[in-house]
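Trainee: Pasting a structure here, questions to come.
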């Protein structure tokens, strides 16, 4: 299996680490000195960028708001990791923009950094969507490291599972009762690590959903309970299971196409990024991210370098450090990678 393409960028980050106490002291002194030089208040928090044209940035802030591309200054130490959302962000039917995205992705890897997918899709279908063997050959990226199923599945650089989160059987049982009582069993797609399932023998309702999905295989509820269900997708109704609450017992996100993605409790792209960041012995400031939709906002807030594509919704843009002027169909990912890594 191919390596994650980490190279010298990861090695230099690790080699530069000192003892925890010394590192903290040095960072505090550096932040205070830099802040005093630029006249920046230290009362704003700890995880945003403060800008000045031609002055660079510092990693001390709160919710300073999104900035435009014109205010971006290339970091002296670019992030080792860079998570990339797929639908509405990376993949585009515009051939010229897609070509630029592929080349920027490949060049970032050649320079020793680690761009990776961070998507609601499963690994296999995601790589197939990007071009399969042709994409792998051109970029050297086989889909790992990577974050899939909105964070429920995280793979390391060798394709081994770092973490997997599944729905408790109690939740599945309560949900099934709700679906049966309301005649909605045909409206839900259930996903395990690498396949999709439906409790209905026909897929007529699911085929009406916007976007492209794996055609689910029929299974009984008894068989479904034996599987590791890591994500669900539904549309056409309001989920109302009184004994379970959104944000506590499950995470409900509206996808770009209007369908709903259900994830196990505590699972977001940000939680998955944290798993991957810790695996590499790095911190959130050593990671970048680009996305376009509501399931990307936690990741945008977590990392040190975050971008929203130009056609993202305003409610999403406000969570990103930088709002690009390129849309998905104009090659926004290539723009973000070129800005960050000086390609």
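Residue numbers (the working numbering): 354 to 696.
For glycine and all other residues, C-beta sits at the position ideal for the given N, C-alpha and C.
If you're wondering where the values come from, they're calculated on a predicted model, not measured in any experiment.
1) Excluding sequence positions up to five away, which residues of its chain have a Cβ less than 6 Å from the Cβ of residue 625?
2) So for residue 473, helix, strand or coil by DSSP?
3) What is the rounded straight-line gap between the Cα of residue 573 and the Cα of residue 617?
4) Going by beta carbon distance, what residues of the same chain come within less than 6 Å of residue 659, once the five residues before and after it are set aside?
5) Out of curiosity, what's the CA-to-CA distance linking residue 363 and residue 656?
6) In the structure shown, what three-state DSSP assignment does residue 680 receive?
7) So residue 605 is in the beta strand (DSSP E); what residue range does that whole segment cover?
8) Report the three-state DSSP secondary structure of residue 613 (helix, strand or coil).
9) List the DSSP bridge partners of residue 570.
10) What residue from 466, 528, 560 has the CA that sits closest to residue 597's CA?
11) Using the C-alpha atoms, what's the distance from residue 591 back to residue 612?
12) Measure the C-alpha to C-alpha separation of residue 671 and residue 422 and round it to an integer number of angstroms.
13) Let me know if residue 561 comes out buried or exposed under the rule of 16 or more other beta-carbons within 10 Å of its beta-carbon.
14) Should residue 648 and residue 666 be called a contact, given that it needs their Cβ atoms to be closer than 9 Å?
Mentor: The answer reads as follows:
1) 500, 504, 507
2) Correct three-state label for residue 473: coil.
3) 21 Å
4) 642, 653, 673, 674
5) 16 Å
6) coil
7) 604-607
8) strand
9) 550
10) The residue from 466, 528, 560 with its alpha-carbon nearest to that of residue 597 is 528.
11) 11 Å
12) 14 Å
13) exposed
14) no
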